[in-house]
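Worksheet: the structure to be examined is printed underneath.
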Amino acid sequence: MVAADKLSATAAASEWDDAQPYIRVNAVWKVFGRNPERVLDPQYADKDKSYFQGELGNVIGLQDVSFSVNRGETFVIMGLSGSGKSTMVRCLIRLIEPTAGEIVIAGEDITGMSDRELIAFRRNKIAMVFQHYGLMPHRSVLDNAGWGLEVQGVKKAAREARTREVLHLVGLGGWEDAYPRQLSGGMQQRVGLARALAVDTDILLMDEPFSGLDPLIRRQMQDELLRLQTELQKTIVFITHDLNEALKLGDRIAIMHDGQVAQIGSPEDIVLRPEDEYVGDFTQDVRLETVLNASKVMVTPKATVMGHQGPRAALHTIGSSDGDAAWMVDGQERYMGLLSITSAERALRAGVKRFDEAWQYVDREYQAVEPTTTFDRLIPMAMSSDWPIPVVDGGNVLVGEVHRSALAEALAETSGADQDYAANAAANAALAAEA
Ligand SMILES: Nc1ncnc2c1ncn2[C@@H]1O[C@H](COP(=O)(O)OP(=O)(O)OP(=O)(O)O)[C@@H](O)[C@H]1O
Ligand SMILES: [Mg+2]
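What the sequence shown shows, in my numbering, is residues 413 to 847, in sequence order.
Dropping the structure here:
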């Protein structure tokens with residue numbers, strides 16, 4: 413049993429060190445039916461799937477699957493119905509037994525564990541969210557969300573305090589005493605998510621968690637997960653058959669096809685550099701702007717001015733860059749706004765000494781983006797402005813700037829997916845730049 417005070421101590425992995433992937437799956441097979449091992453017997457080396465299924469009655473669910481997931485990464489497994497996604501995630505923690513292969517999580521050999529070790533491991537390290545959230549109808553939201561903690565043996569008071577916290581986190585504060593039937597599908601899914609988050613495990617396995625939801629609610633849940641993940645930094649294995657969902661959520665994506673991994677890569681890799689026809693067909697309709705982001709095209713900020721500086725210093729800085737504006741930053745390099753050359757000149761004429769005493773010269777509404785902001789948001793911003801777009805990190809620290817011309821060039825360059833499309837997009841962006 414795990415005591416309440418050990419709840420947040422699950423990060424202390426035994427033989428795992430940072431240089432290793434957190435989850436490692438090596439040459440895993442899952443064969444259904446009788447005597448599954450025979451499928452791997454060298455005497456059948458020249459036989460294919462239809463032989464096993466037809467002659468022997470063995471279905472090959474997974475065929476030599478390997479991948480690894482880094483700590484804090486969101487790894488998406490994507491594929492059509494029947495491609496083996498659920499089989500893979502179930503094998504990962506031996507809810508079903510892999511026929512062959514090796515699985516190591518946080519330095520622990522899952523494949524070699526006894527049942528008892530396995531149960532303890534799952535309880536402390538893994539939380540799961542499914543499409544059918546499996547809420548218990550006669551338990552309140554609070555008791556449903558606290559169920560994992562109850563199984564861990566956490567005492568009532570500690571359990572309820574923690575559960576209230578996570579219900580709040582997923583936007584269900586105030587619903588503690590309601591029953592599942594009183595909630596919409598989206599809200600029930602949030603309870604499922606809260607239950608998984610409450611146990612505070614390092615690893616979250618999510619098997620098509622948003623599949624049953626309306627498109628709008630689904631997008632909200634995706635945004636919610638992205639927001640939670642920037643905070644929680646869990647290692648997430650997320651399963652979906654929706655390519656757009658995969659591209660939106662995944663740091664990396666594995667495309668599964670017929671029980672095999674067709675390709676593993678970043679969203680950009682998958683869309684721009686498909687390794688085979690299957691993946692190429694899958695991704696051909698994806699718009700480049702939804703995949704390319706600011707990190708691909710941003711450059712070091714050319715001119716920055718600090719709040720304590722005045723117009724003379726600013727004009728000097730702007731003059732020695734090749735632009736006609738500077739970014740205002742504070743002492744911690746945090747982005748404060750845009751200072752154009754004309755505003756700096758006006759400030760000089762008005763006798764301003766330092767800008768942090770004369771904010772009216774700084775355009776503080778001039779919006780910054782993040783490195784992950786995609787081109788479909790950047791392009792309209794770039795078109796409606798004379799200046800580059802500032803890029804900030806999660807702490808609002810200025811980390812780069814994006815020039816309109818770079819957006820057009822990147823679209824033209826990544827023409828691998830669709831030549832005409834990229835040429836048109838580049839031409840449009842260039843025309844807009846001249847206008
Ligand atoms: N218990 C089982 N016995 C026999 N075959 C099985 C069993 N479970 C799964 N399969 C087969 O394994 C293959 C992969 O199934 P799996 O459920 O992993 O697919 P999936 O990618 O999760 O599909 P979906 O998107 O529909 O959930 C399918 O051909 C399925 O019929
Ligand atoms: Mg499935």
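Cβ coordinates follow ideal geometry from the N, Cα and C atoms, glycine included.
Alpha-carbon to alpha-carbon, residue j and residue i
i	j	result
Ser495	Tyr463	18 Å
Thr575	Glu562	11 Å
Gly624	Ile538	23 Å
Glu577	Ala770	42 Å
Pro627	Ile676	26 Å
Gln721	Thr754	16 Å
Ala518	Val709	35 Å
Arg502	Leu661	21 Å
Pro592	Arg699	39 Å
Val528	Gln564	Per the sequence shown, the amino acid found at residue 528 is Arg instead of Val. Whole-angstrom Cα-Cα distance: 14 Å.
Ala756	Arg776	14 Å
Val803	Thr716	13 Å
Met490	Lys568	39 Å
Neighbourhood of residue i by C-beta, 7 Å cutoff - its chain only, sequence neighbours within 5 removed
i	result
Arg639	none
Val611	Ala539, Gly560, Leu561, Gln564
Ile472	Val443, Val451, Lys461, Phe464, Gly671
Arg506	Ile522, Leu530
Status (buried if at least 16 other CB within 10 Å, exposed otherwise) for residue i
i	result
Met548	exposed
Ser420	Here Ser420 scores only 40 on pLDDT, less than 50, and its place in the model is too uncertain to base an answer on.
Pro800	buried
Thr642	exposed
Asp429	exposed
Ser733	exposed
Gln779	exposed
Gly585	exposed
Ala431	exposed
Ala573	exposed
Ala415	Unreliable placement is indicated for Ala415, whose pLDDT of 41 sits below 50; no coordinate value is reported for it.
Thr486	buried
Thr786	buried
Pro792	exposed
Glu449	exposed
Ile531	exposed
Lys497	buried
Residue i, enclosing alpha helix (DSSP H) - first and last residue
i	result
Glu588	Looking at the DSSP string, Glu588 is not in any alpha helix (DSSP H), and its letter there is neither H nor E.
Tyr690	689-695
Asp788	787-795
Gln465	Run containing Gln465: none; DSSP gives neither H nor E here.
Phe533	527-537
Ile850	Lying before the first or after the last residue shown, residue 850 is absent from the chain, which here runs from 413 to 847.
Span of the beta strand (DSSP E), counted from its first residue to its last, around residue i
i	result
Thr647	647-652
Residue nearest to residue i in terms of C-alpha spacing, selected from the options
i	options	result
His653	Gln675, Leu727, Ile676, Glu620	Glu620
Ala820	Met618, Gly585, Ala706, Met490	Ala706
Ala759	Pro723, Met710, Gln564	Pro723
Gly583	Ala606, Leu655, Ala570, Glu485	Ala606
Gly546	Gly597, Thr499, Val501, Ala532	Gly597
Ala439	Lys459, Val477, Val516	Val477
Asn482	Glu509, Lys646, Val774	Lys646
Val683	Tyr456, Val673, Gln696, Gln672	Gln696
His815	Val711, Leu637, Glu745	Val711
Glu636	Leu617, Ser480, Asp589, Leu581	Leu581
His557	Gln600, Lys567, Glu520, Asn536	Reading off the sequence, residue 557 comes out as Ala, not His. When only C-alpha atoms are compared, the closest one is Gln600.
Phe533	Ile615, Lys567, Gln594	Ile615
Glu782	Leu468, Gly807, Ser526, Gly524	Gly807
Neighbourhood of residue i by C-beta, 6 Å cutoff - its chain only, sequence neighbours within 5 removed
i	result
Val451	Val443, Phe464, Asn470
Pro713	Trp739, Leu810, Glu813
Cut-off 8 Å between Cβ atoms - residues of its own chain near residue i, not counting five sequence neighbours on either side
i	result
Gly719	Met740, Val741, Asp742, Gly743, Met748, Arg766, Phe767, Asp768
Gly692	Pro686
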